[in-house]
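Only one structure is covered here, and it is reproduced in the block below.
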């Protein structure tokens with residue numbers, strides 16, 4: 002049975018495809034979401050995540066860039082960028098609790114990234130949370 006974590010995994014795959022193929026047809030990505038998740042609530046959750054990141058990508062990228070000491074977005078692995086964008090979106094612009102958003106992003110980084118991705122993603126998203134605290 003698919004879970005919200007699997008919906009996030011599919012969302013990261015779509016965001017990765019967006020990054021690698023900027024001119025790709027959004028309908029193909031939507032079909033991928035439907036094919037992989039099938040359960041209506043998870044399809045809708047993945048769609049919301051993807052749409053939110055797409056809609057706010059410039060601002061998310063700016064915030065990630067500001068917090069990524071000695072790293073530019075272009076130097077980051079594409080999988081890390083996708084995970085960071087999703088995590089930043091959930092932290093900044095969704096109702097997902099920060100602890101859940103960061104834990105899920107770390108797990109996604111472990112799943113899709115390199116050996117260092119989880120700690121890299123954790124560091125940037127942790128700084129993002131800290132900058133928003135009073």
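In the working numbering, the protein residues as written are 2 to 135. From the three backbone atoms N, C-alpha and C, an ideal C-beta is built for every residue, glycine too. Since the model is a prediction, treat every value here as computed from it, not as a measurement.
{"query": "Taking residue 21 as part of the alpha helix (DSSP H), name the residues at either end of that continuous run.", "result": "5–21"}
{"query": "With respect to the alpha helix (DSSP H) encompassing residue 99, which residues constitute its N-terminal and C-terminal limits?", "result": "99–113"}
{"query": "Taking the C-alpha atoms as reference points, what is the distance between residue 60 and residue 119?", "result": "22 Å"}
{"query": "How long is the line joining the alpha carbons of residue 116 and residue 110, rounded to whole angstroms?", "result": "9 Å"}
{"query": "Can you tell me the Cα-Cα spacing of residue 83 and residue 20, whole angstroms?", "result": "8 Å"}
{"query": "Go through its chain and collect everything with a Cβ distance to residue 68's Cβ below 7 Å, but skip five positions before and after it.", "result": "125, 128 and 129"}
{"query": "Compare the C-alpha of residue 4 against each of 45, 99 and 53 and name the closest.", "result": "45"}
{"query": "Check whether the Cβ atoms of residue 30 and residue 15 sit closer than 7 Å, and answer yes or no.", "result": "yes"}
{"query": "Mind the definition here: the region 5–12 touches the region 33–43 only if three or more C-beta pairs lie below 8 Å; say whether that holds.", "result": "yes"}
{"query": "In chain order, which continuous runs of the alpha helix (DSSP H) of length 4 or greater are located wholly inside the region 33–81?", "result": "41–68"}
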